Amino acid sequence: MLRNILQYFYFLLAAGILQLGEADGYGKLGLVSFPVQTHLHRPIDRRTGGTSSSLSGNSTSGEYYVQLYLGSPPNQTVEVLLDTDYNDFWVNRNCSNADRSSECKTKGFYDPNKSTTSHNTKVNGSVTYADSTGANFTYYIDRVSLSYGRGPSVRFGVAINSNKPSGVLGIGLGVANNNSGECNFIDQLADQNFTNSKAFSLALGTGTADGQGVIIFGGVDTKKFSGQLKPNNIFPPQGNDTYARYNIRMTDLGLISSDGKFRSYGNSSNLVAVIDAGTTLTYLPDDLATAIHNDLQVAVHRTDGSVLAPCTQRQNNSQLQFTFGSTAINVPFSELLTGKYNDTLCRVGVAPRGTLPRAVLGLSFLRSAYMVFDQTRGEIFMQQFVNCGKNERAIPISGANGIVGECNATKLATSSACTPTASSTTGCAYLLDHDTPVHSLLVRIMASTFIGLLFMASVAFLIYLWVRARDRNRGAAEEEPQLSGTQYVGHQLLTLMPSLRT
Numbered sequence: 227m228l229r230n231i232l233q234y235f236y237f238l239l240a241a242g243i244l245q246l247g248e249a250d251g252y253g254k255l256g257l258v259s260f261p262v263q264t265h266l267h268r269p270i271d272r273r274t275g276g277t278s279s280s281l282s283g284n285s286t287s288g289e290y291y292v293q294l295y296l297g298s299p300p301n302q303t304v305e306v307l308l309d310t311d312y313n314d315f316w317v318n319r320n321c322s323n324a325d326r327s328s329e330c331k332t333k334g335f336y337d338p339n340k341s342t343t344s345h346n347t348k349v350n351g352s353v354t355y356a357d358s359t360g361a362n363f364t365y366y367i368d369r370v371s372l373s374y375g376r377g378p379s380v381r382f383g384v385a386i387n388s389n390k391p392s393g394v395l396g397i398g399l400g401v402a403n404n405n406s407g408e409c410n411f412i413d414q415l416a417d418q419n420f421t422n423s424k425a426f427s428l429a430l431g432t433g434t435a436d437g438q439g440v441i442i443f444g445g446v447d448t449k450k451f452s453g454q455l456k457p458n459n460i461f462p463p464q465g466n467d468t469y470a471r472y473n474i475r476m477t478d479l480g481l482i483s484s485d486g487k488f489r490s491y492g493n494s495s496n497l498v499a500v501i502d503a504g505t506t507l508t509y510l511p512d513d514l515a516t517a518i519h520n521d522l523q524v525a526v527h528r529t530d531g532s533v534l535a536p537c538t539q540r541q542n543n544s545q546l547q548f549t550f551g552s553t554a555i556n557v558p559f560s561e562l563l564t565g566k567y568n569d570t571l572c573r574v575g576v577a578p579r580g581t582l583p584r585a586v587l588g589l590s591f592l593r594s595a596y597m598v599f600d601q602t603r604g605e606i607f608m609q610q611f612v613n614c615g616k617n618e619r620a621i622p623i624s625g626a627n628g629i630v631g632e633c634n635a636t637k638l639a640t641s642s643a644c645t646p647t648a649s650s651t652t653g654c655a656y657l658l659d660h661d662t663p664v665h666s667l668l669v670r671i672m673a674s675t676f677i678g679l680l681f682m683a684s685v686a687f688l689i690y691l692w693v694r695a696r697d698r699n700r701g702a703a704e705e706e707p708q709l710s711g712t713q714y715v716g717h718q719l720l721t722l723m724p725s726l727r728t
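The opening position of the sequence shown corresponds to residue 227 in this note's numbering, with each subsequent residue numbered one higher.
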């Protein structure tokens with residue numbers, strides 16, 4: 227009997243330790259994932275000048291956000307804009323100077339005075355974007371909570387003043403590859419062992435707020451793409467650019483017509499483009515953009531310069547095919563039309579790059595692709611985005627190369643770089659005074675095992691006491707018939723006396 231009880235508690239304990247491994251706040255199997263939502267609001271603005279790490283700014287008709295819970299208790303909710311072209315992570319402290327203040331209030335803001343774990347580093351920073359928006363901020367360290375428990379202690383900017391309606395989560399190339407020497411969100415997750423690598427995957431999905439998008443730090447979702455992930459090298463800064471970006475070489479660009487025939491646009495081989503989730507449009511060399519516009523029956527508005535096409539092109543089954551080595555991403559015409567300009571015309575998500583130093587693959591491209599950015603190996607992986615469910619898994623030590631998507635392809639797909647360096651630990655673990663860094667999965671297993679053994683010992687001791695009490699009661703019961711009637715009654719009264727006193 228005792229053996230059966232102990233076995234029962236052992237299996238309960240084993241299940242509890244497995245749950246603890248996923249709920250102790252140190253990441254689920256070496257990955258951290260957040261849903262990605264899109265918000266549609268204002269029309270696309272024309273590109274403006276200015277100096278910035280973001281090539282074309284963040285003035286968009288569809289922006290992608292993740293929701294974070296900051297501080298202790300974790301009740302300060304903020305939505306931050308995703309941007310893959312730079313590194314700063316900052317949030318608004320209030321909405322007094324924010325553009326579209328009513329929208330700022332819905333996005334949320336962070337007050338360090340309302341958190342018991344906030345720490346002011348007394349270091350200031352700033353960022354300015356190409357559309358002349360930006361923020362000045364002070365860096366704080368505080369917790370970012372996860373859906374299943376305590377999250378990492380992260381260094382982020384708290385705006386002193388800003389003219390943007392939301393903060394921004396910069397997930398560009400990290401400390402080992404950028405010129406600033408600043409640790410970004412990816413570095414901090416890896417250095418605190420919430421993720422196993424400085425890699426993340428991004429699936430935006432279609433341009434609707436249906437919640438199918440996801441960003442996974444340290445992992446992939448094999449039910450968000452079809453085909454096999456294959457590596458493409460990240461290229462160093464191009465031309466006069468000194469800022470490290472997600473530069474990738476495109477080997478071809480063509481049109482797949484509605485009858486399935488392919489036609490290359492030419493002049494697109496060995497074209498280096500930057501992947502930028504903070505830019506709505508895809509900017510291509512002028513001759514390529516013009517060829518695509520001809521196929522879309524594009525007209526440029528004479529007054530504001532908007533690139534427009536008949537909204538009926540949404541029913542056109544033709545696709546653009548972007549080829550990167552042995553991998554091709556097909557973008558349907560419906561994804562190239564980003565929003566309505568009026569009752570009959572829609573805005574087009576492809577524009578001439580003009581004076582931009584290189585091509586930019588923005589949201590109008592990324593919605594059709596599943597992307598993996600591996601900063602540890604200096605590689606970008608991609609495949610056709612297809613949503614067939616959810617199966618998140620950590621990227622193995624060997625990397626993402628060869629991971630196969632579980633979805634069936636629904637769209638036609640065919641299948642001398644400088645490699646950035648990265649170190650496994652870069653000093654990006656910004657810990658609060660009362661935090662303890664967790665250095666390895668082994669330490670976590672040992673800690674969980676010790677707690678489990680202590681729990682088992684306590685249960686065994688309680689069972690031992692119960693067995694002894696049971697045996698005493700049996701002995702007493704056997705002796706009771708030997709007492710006289712008066713003695714038996716007196717014995718029972720003495721037994722009840724403690725309970726009667728209470």
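Ideal placement from N, C-alpha and C gives every residue a C-beta, glycine not left out.
Given the structure is predicted, the values throughout are model-derived calculations rather than measurements.
Residue i versus residue j: straight-line alpha-carbon distance, rounded
i	j	result
residue 578	residue 623	40 Å
residue 556	residue 682	56 Å
residue 321	residue 455	42 Å
residue 458	residue 688	60 Å
residue 606	residue 429	14 Å
residue 536	residue 574	9 Å
residue 507	residue 680	58 Å
residue 497	residue 626	24 Å
residue 412	residue 425	8 Å
residue 303	residue 295	5 Å
residue 514	residue 541	22 Å
residue 631	residue 608	11 Å
residue 342	residue 620	32 Å
residue 439	residue 261	6 Å
residue 586	residue 362	27 Å
residue 568	residue 470	39 Å
residue 355	residue 263	22 Å
residue 326	residue 368	27 Å
residue 329	residue 339	23 Å
For residue j and residue i, believed in contact at Cβ under 8 Å, the rounded distance
i	j	result
residue 444	residue 693	Their Cβ separation, rounded to whole angstroms, is 48 Å, which puts residue 444 and residue 693 out of contact at 8 Å.
residue 613	residue 396	About 26 Å separates the two Cβ atoms, so there is no contact after all.
residue 364	residue 346	7 Å
residue 584	residue 499	6 Å
Residues bridged to residue i [DSSP beta-bridge criterion]
i	result
residue 316	383, 394
residue 682	In DSSP, residue 682 forms no bridge with anything.
residue 566	572
residue 600	425, 605
residue 461	473
residue 610	595
residue 541	For residue 541, which the question treats as bridged, DSSP gives no partner whatsoever.
residue 456	608
residue 547	480, 556
residue 532	Bridge partners of residue 532: none, in fact.
residue 499	474, 585
residue 360	354
Buried versus exposed, by CB contacts within 10 Å (16 or more), residue i
i	result
residue 450	buried
residue 310	buried
residue 602	buried
residue 691	exposed
residue 314	buried
residue 464	exposed
residue 466	exposed
residue 486	exposed
residue 695	exposed
Own chain partners of residue i with C-beta closer than 6 Å, once the 5 adjacent residues on each side are dropped
i	result
residue 547	480, 482, 554, 556
residue 588	502, 505, 506, 507, 508
residue 371	295, 300, 377
residue 337	none
residue 350	364
residue 662	Here the model assigns residue 662 a pLDDT of 47, short of 50, so the residue's position is not dependable, and the following value carries that caveat. Result list for residue 662: empty, nothing under 6 Å.
residue 359	389, 390
residue 549	477, 478
residue 597	428, 608
Cβ shell of residue i (< 7 Å), same chain only, five flanking positions each side left out
i	result
residue 618	257, 259, 442, 445, 447
residue 524	533, 534, 535, 574
residue 494	476, 478, 479, 514
residue 570	536, 537
residue 407	401
Cβ-based neighbour list, residue i, same chain, cut-off 8 Å, excluding 5 preceding and 5 following
i	result
residue 544	481, 482, 483, 484, 521, 558, 559
residue 634	452, 612, 614
residue 572	534, 535, 536, 537, 539, 540, 563, 564, 565, 566
residue 472	310, 311, 398, 399, 460, 500, 501, 502, 599, 606
Any C-beta of chain E under 9 Å from that of residue i
i	result
residue 501	Looking for chain E here will not work: only one protein chain is present.
Residue i: CB within 8 Å of a non-hydrogen atom of the ligand GDP
i	result
residue 320	You won't find the ligand GDP in this model; it holds no ligand whatsoever.
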